[in-house]
Structures are given as C-alpha cells and as structure tokens.
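As structure tokens, the structure follows; a few thoughts come after it.
Residue numbers (my numbering): 1 to 109.
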C-alpha cells in the first residue's frame, strides 16, 4: 500500500537516518565509561518524538485511547520477556565471574 503523501515517505527516511545515529550515541553512552553525556542527535530525536506526540494529542486524542492490536501487543510481550531473560542471564554470568576469583595459571603436563 503506497503512502498517501510523499511527505510520509520522506519523514520515514529522515527518521531512520537520524534514529540510527541517535541509537549509536545511546549505545556508546550506555556501554563506554568515557562518555558522560548524550549526543545532540539523541536530544533532537527526543524533541521530535515529544513534539509529534503532542500534535497527536492535540488533533486526534482518540488515537491514544485505541487498544493495541493483538499482534503488536504480542510482539511487545515477547520482546520484553526475551530482554528480561537476557538481563537475568547476564547478571548470573557476571556474578559467577566475580565470585570465581583471580584467574589461575594453567599447567600443561
């Protein structure tokens, strides 16, 4: 199904490009200790998202009260469950490596 207006496609291309850079900045901020503040792209994407949300609230508040389609809710549930199990698994692995003590030298006979 083609978009109703060419600006919809242009907005999608813009969002994907800017969002990719913002995700990289968030990843660097969360993963690397030398990054102490978020980048400009993250702030820009957050401002755009909040602005679009406020526009939706102003012009079509009924959209927010609509229930999620089943397949969207199912994807959210499965994604959060997988994320939760991955986090628990990584905490368990991290705890085991901390309790293991210093590495031992291997002796080959």
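Just so you know, even glycine gets a beta-carbon here, dropped at the ideal spot from N, CA and C. Bear in mind that the values here come from a model prediction, so they are computed numbers and not experimental data.
Counting C-beta pairs with one atom in each stretch, the stretch 24–44 and the stretch 65–83 have fewer than three that are closer than 8 Å, which means they do not touch. Boundaries of the alpha helix (DSSP H) harbouring residue 11: 6–31, taken from the DSSP string. Under the DSSP assignment, residue 35 falls outside any alpha helix (DSSP H); it carries neither an H nor an E label. Distance from the CA of residue 38 to the CA of residue 20, rounded to the nearest whole angstrom, comes to 14 Å.
The beta-carbon distance between residue 56 and residue 64, rounded to whole angstroms, is 7 Å. This is short enough to meet the 8 Å contact definition. Residue 36 and residue 22 have their C-alpha atoms some 15 Å from each other.
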